[in-house]
């Protein structure tokens, strides 16, 4: 099966990431989406929440003229979106099953065993985990060649980056299928395939390396949280005497039983400088994200990584 | 003396950073610039090189209509730019002396002792060092309250960030003068005052923390240098399981006698992916920098940090 063939994607777990992922897939005209979530008010929640993502998604033009909840109704009426009350029916016709459930190893292992029993044996199995490797998640399934990580960045319908991380058992064909799915002409997404499983994958490791040093500098009173933020925004890299700095890079801990004195300081300074985001500010932040993504894409080219 | 009064700035060391710094100061109409450099062909070098920075600087509109070298000639004719062949005459009338010399502690200590003997005692002493603290540089001068670090990012006439780092001996008035100088209305610059001297200051510490992890990931074959670059561009931060990643962050060394196997791999992958920059690509890179700076400034406000 080619990625340009019609696909039928089962999404399991429709929290914030799941809703955004649904919007991502629904922006592709030849994709049918089946959704399943265990929350009791799921139907109502979907009607209320999904339109927020559709309005901001790549497919916004299709829905803008319609009142928000009716966008969901018309997707359902057209058969492009199917709401399920059992995992079994949700998976029955899938070509791809993608989960955005809790970040809990037990949960994911059990889920994949169930999915394997319900879905066609050809279906691709994708996990949106930000931390649990496919090689750990696959323990209770028979065909371990089907499962891989597709780690999105929040919100996936806006953020172009997807880290695709195979386990050593993932087949090259299934890996390539996932990469191609997100790279089809017109896709705003930029999948990057990691060559090895590693805790945190790559994007978060880089972000956390930065964050650790940032927390240390605020803890040590070298700079205020607000000034640090200004510096972070403005720094685009420069040379210098690296080894001296590396030997001296700070360490802070996040575990509760370790030294966490930096935490209070950082949190209180950030709250003082910025306060809690209002819905309008959240919206503005998303608009800004979209602006930057658009600038990167339009102005400097959309060089999808080669296979 | 107020920062809005006319200033006379002596620049010592006119390499790439010095030339860009000259362009920065010359963009201020009430600033006179005195330049001194020990290279034998300094006159010719200045005539050939400075126009490249003036053309791209905030003052470009003033010079665009003129052939390049005559821009320098007219600055000299108008008295706004003075070329000196001795440190003594260069410093004689300075209100500010700023050095961009070699990153060598001996050199800077000796230079400041000479500057102290030649310049008015009221003159502010600024070092553009990226790594040698003012408290180390000030050892051979009598009035240690005058010296502070103004660490620019390359190229200073485009990059808004300046890290101002006082020594424990720097007077609050001189610190405030430097901060205000770069914050006057209309300034494109955003000075941030660090509260403590620390190796690498803040911006480079953050960049190096990121770079260290990046080198490790390429060394370990988790990701290619090119794919890592794609991820770096696209990641704008996200939550996750931090401690696990922090405990696992990679280490690489840059000293020659340590393990440097990562170096060859990173350098060859980067060369393979990007090659050497042509002059056109260097120009494009600068244009891109200016675009991003303009977007940050115009669209999201120019919130100069408060004192």
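Protein chains in written order, with my numbering: chain A, 84 to 390; chain B, 84 to 390.
Ideal Cβ placement from N, Cα and C applies to all residues, glycine included.
- Using a Cβ-Cβ distance under 8 Å, would residue 278/B count as near chain A? Here residue 278/B refers to the residue found at position 195 when the second chain is read from its first residue. Chain A contact via Cβ: present.
- Query: What separation, rounded to the nearest whole angstrom, lies between the Cα atoms of residue 235/B and residue 108/A?
  - Reply: Along the second chain, read from residue 1 onward, the residue named residue 235/B stands at position 152. Along the first chain, read from residue 1 onward, the residue named residue 108/A stands at position 25. Their Cα atoms are separated by approximately 45 Å.
- Tell me residue 119/B's beta-bridge partners as DSSP assigns them. Translated into the one-based positions of the second chain, residue 119/B becomes position 36. According to DSSP, which records beta bridges pairwise, residue 119/B is partnered with 95/B, 167/B.
- Short CB-CB distance (under 8 Å) between residue 219/B and chain A: Within the second chain, residue 219/B is the residue found at index 136, counting from 1. False, the Cβ-Cβ gap to chain A never drops below 8 Å.
- Message: Less than 8 Å between the beta carbons of residue 181/B and residue 233/B, yes or no?
- Response: Here residue 181/B refers to the residue found at position 98 when the second chain is read from its first residue. Here residue 233/B refers to the residue found at position 150 when the second chain is read from its first residue. Going by C-beta atoms, residue 181/B is nearer than 8 Å to residue 233/B.
- May I ask you to list, following chain order, the residues of the region 270-298 of chain A that have a beta carbon less than 9 Å from some beta carbon of chain B? 273, 275, 276, 277, 278, 279, 280, 281, 282, 283, 284, 285, 286, 287, 288, 289, 290, 291, 292, 293, 294, 295, 296, 297
- Taking Cβ-Cβ distances shorter than 9 Å, what residues in chain A pair up with residue 317/B? Here residue 317/B refers to the residue found at position 234 when the second chain is read from its first residue. Near residue 317/B (Cβ distances below 9 Å), the residues of chain A are 236, 242, 243, 244, 273, 275, 286, 376, 379.
- Message: Please state whether the Cβ-Cβ distance between residue 178/B and residue 90/B is less than 8 Å.
- Response: Residue numbering aside, residue 178/B sits at position 95 when the second chain is read from its first letter. Residue numbering aside, residue 90/B sits at position 7 when the second chain is read from its first letter. Their beta carbons are under 8 Å apart, which means residue 178/B touches residue 90/B by this criterion.
- Complete runs of the alpha helix (DSSP H) confined to the region 294-322 of chain A [at least 4 residues]: 308-317
- Kindly list, in the order they appear in chain A, the residues whose Cβ is closer than 8 Å to that of residue 231/B. Taking the first residue of the second chain as 1, we reach residue 231/B at position 148. What residue 231/B touches in chain A: nothing, since even the nearest Cβ is about 15 Å away.
- Task: Run the CB neighbour count on residue 273/A, radius 10 Å, all protein chains shown included, and call it buried at 16 or more, exposed below.
- Result: Start at 1 with the first residue of the first chain, and residue 273/A comes out as number 190. Counting Cβ neighbours within 10 Å, residue 273/A comes out buried, since at least 16 surround it.
- Task: Within the same chain, show all residues whose beta-carbon is closer than 7 Å to that of residue 286/B, passing over the 5 residues directly before and after it, in chain order.
- Result: Working through the second chain from its first residue, we reach residue 286/B at position 203. Excluding residues within five positions, the ones whose Cβ falls inside 7 Å are 236, 244, 246.
- Item | In DSSP terms, what residue 90/A is bridged to | The residue you call residue 90/A lines up with position 7 of the first chain. Paired residue(s): 114/A.
- Message: Considering just the uninterrupted stretch of the alpha helix (DSSP H) at residue 255/A, what are its terminal residues?
- Response: Start at 1 with the first residue of the first chain, and residue 255/A comes out as number 172. Per DSSP, residue 255/A belongs to the alpha helix (DSSP H) from 255-264.
- Item | Identified DSSP bridge partners for residue 245/B | Locating residue 245/B in the second chain gives position 162, counting from the first residue. Its beta-bridge partners are 235/B, 274/B.
- Task: Determine, using beta carbons only, whether residue 252/A comes closer than 8 Å to chain B.
- Result: Here the question's residue 252/A lines up with position 169 in the first chain. Output row for residue 252/A: interface = no.
- When burial is assigned at 16 or more other CB atoms within 10 Å of the CB, is residue 185/B buried or exposed? Along the second chain, one-based indexing puts residue 185/B at 102. Result: exposed.
- Query: Checking contacts by CB at 8 Å: is residue 306/B closer than that to chain A?
  - Reply: In the second chain, counting from the first residue as 1, residue 306/B sits at position 223. Yes, contact with chain A.
- For residue 136/A, collect the residues of the same chain with a Cβ closer than 8 Å to its Cβ; drop the 5 residues on either side in sequence, then sort them by chain order. On the first chain, residue 136/A is found 53 positions in, with the first residue counted as 1. Result list for residue 136/A: 102, 103, 105, 106, 238, 240, in chain order.
- Simplified DSSP assignment, three categories, for residue 353/A: On the first chain, position 270 is the one that residue 353/A refers to. In the structure shown, residue 353/A sits in a helix (DSSP, three-state: H, G or I).
- Task: Report back the beta-carbon spacing between residue 129/B and residue 97/B to the nearest angstrom; my notes put them in contact at under 8 Å.
- Result: For the purposes of this step, residue 129/B is taken as the residue at position 46 of the second chain. For the purposes of this step, residue 97/B is taken as the residue at position 14 of the second chain. 7 Å between Cβ atoms; contact.
- Query: Which class does residue 267/A belong to by DSSP, given the choice of helix, strand or coil?
  - Reply: The residue given as residue 267/A occupies position 184 in the first chain. It is coil, neither helix nor strand.
- Task: Buried or exposed for residue 307/A, please, with buried defined as at least 16 other CB atoms from any protein chain shown within 10 angstroms of its CB.
- Result: For the purposes of this step, residue 307/A is identified with residue 224 of the first chain, where counting begins at 1. Flag for residue 307/A reads buried.
- Message: Considering Cα atoms alone, identify which of 112/B, 95/B, 316/B, 134/B is closest to residue 122/B.
- Response: Taking the second chain and counting its residues from 1, one reaches residue 122/B at position 39. Answer by Cα proximity: 95/B.
- With 8 Å set as the bound, which would you pick, yes or no: does the beta-carbon of residue 188/B sit closer than that to a beta-carbon of chain A? On the second chain, position 105 is the one that residue 188/B refers to. So no, residue 188/B is outside the interface.
- Message: residue 191/B and residue 215/B - do their beta-carbons sit closer together than 8 Å?
- Response: Your numbering for residue 215/B matches position 132 in the second chain. Your numbering for residue 191/B matches position 108 in the second chain. It is a contact, given that the beta carbons lie within the stated cut-off.
- So, is the C-beta of residue 107/B closer than 8 Å to a C-beta in chain A? Numbered from its first residue, the second chain carries residue 107/B at position 24. Residue 107/B does not count as touching chain A.
- Item | Neighbour flag for residue 300/B against chain A, beta carbons, 8 Å | One-based indexing of the second chain puts residue 300/B at position 217. Yes, residue 300/B lies at the interface with chain A (some Cβ there is under 8 Å from its Cβ).
- Query: Are there 16 or more other CB atoms within 10 angstroms of the CB of residue 301/A, so buried, or fewer, so exposed?
  - Reply: Position 218 of the first chain, counted from the start, is the residue given in the question as residue 301/A. By the 10 Å Cβ count, residue 301/A comes out buried.
- Which residues bound the beta strand (DSSP E) around residue 180/B? Mapped onto the second chain, residue 180/B falls at position 97. Element bounds for residue 180/B: 179-182.
- Query: Who are the near neighbours of residue 219/B in its chain, counting only those whose CB is closer than 7 Å to its CB and skipping five residues on each side?
  - Reply: By 1-based counting over the second chain, the position of residue 219/B is 136. For residue 219/B, where only same-chain residues beyond five positions count, the Cβ hits under 7 Å are 188.
- Are the C-beta atoms of residue 310/A and some chain B residue less than 8 Å apart? Numbered from 1 along the first chain, position 227 holds the residue referred to as residue 310/A. With 8 Å as the cut-off, residue 310/A counts as an interface residue toward chain B.
- Task: Whole angstroms is fine: what's the gap from residue 194/A's alpha carbon to residue 242/A's?
- Result: The residue you call residue 194/A lines up with position 111 of the first chain. The residue you call residue 242/A lines up with position 159 of the first chain. Residue 194/A and residue 242/A: Cα-Cα distance of roughly 27 Å.
- Task: Kindly indicate which three-state DSSP category residue 132/A falls into: helix, strand or coil?
- Result: Against the first chain, residue 132/A aligns to sequence position 49. Looking at residue 132/A - three-state DSSP - the assignment turns out to be helix.
- Query: If you draw a straight line from the C-alpha of residue 349/A to the C-alpha of residue 364/A, how long is it?
  - Reply: Along the first chain, one-based indexing puts residue 349/A at 266. Along the first chain, one-based indexing puts residue 364/A at 281. Those two C-alpha atoms are separated by around 21 Å.
- Task: Report the partner residues of residue 210/B according to the DSSP bridge assignment.
- Result: Taking the second chain and counting its residues from 1, one reaches residue 210/B at position 127. 182/B, 232/B.
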